[in-house]
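> First, the structure itself, so that you have it in front of you.
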Amino acid sequence: MSKLRHGIIGCGLISTWHAYAINELSKTMPIQLVGAADVRLESARDFCAKYGVQAYETIEDMLNSDEIDSVSICTPSGFHANLAMQAAKHGKHIVVEKPMAITTEQLNALEDTCKQNHVILTSISQMRFLPNIQ
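Now the structure itself:
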């Protein structure tokens with residue numbers, strides 16, 4: 108089985124948790140972190156140097172890359188839906204931080220875009236296994 112090649116959009120604090128999780132998963136599952144992009148190129152370069160992966164010049168460059176199969180969207184929440192729709196249109200599977208969208212209209216459009224492009228969309232639910240959440 109080939110590895111799922113994962114990229115991260117947004118290189119702020121939360122992205123480090125995504126990188127950690129992907130690196131841990133890669134020990135037992137066919138996934139690897141291969142790159143990241145940020146609207147601030149210097150942030151992407153610093154992040155990627157830390158993890159030994161490719162820094163993409165722009166988010167669009169990363170989404171256009173054949174070297175990326177899936178992405179984590181780790182940007183401020185107001186950008187989640189639009190970036191996720193862009194990723195879906197490029198055929199990338201998506202993990203997005205909460206909230207996925209700011210409005211129900213955005214969420215419906217995101218769901219439709221993912222269905223039309225046959226990509227998987229999921230959000231982070233880091234507390235799903237806590238007893239009081241079950």
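Heads up: the sequence shown begins at 108 in this note's numbering, then just goes up one per residue. The beta-carbon is built from N, C-alpha and C at its ideal position, and this holds for glycine as well. Note that the coordinates shown come from a computational prediction; the quantities given were computed from them, not determined experimentally.
Counting Cβ pairs closer than 8 Å, one from the segment 125 to 139 and one from the segment 165 to 175, do we hit at least three?
no
> Figure out for me which residue from Asn239, Arg112 and Ala126 has the closest Cα to the Cα of Cys181.
Looking up residue 181 in the sequence shown gives position 74. Minimum Cα distance to Cys181 is reached at Ala126.
> Just tell me which of Pro206, Val146, Ser122 and Lys196 has its CA closest to the CA of Thr220.
Here the question's residue 220 lines up with position 113 in the sequence shown. With distances taken between Cα atoms, Thr220 lies closest to Lys196.
> CA-CA distance, Glu131 and His113?
Taking the first residue of the sequence shown as 1, we reach residue 131 at position 24. Taking the first residue of the sequence shown as 1, we reach residue 113 at position 6. If you take the alpha carbons of Glu131 and His113, they lie about 13 Å apart.
> Please report whether the beta-carbon of Thr210 lies at a distance below 8 Å from any beta-carbon of chain B.
Looking for chain B here will not work: only one protein chain is present.
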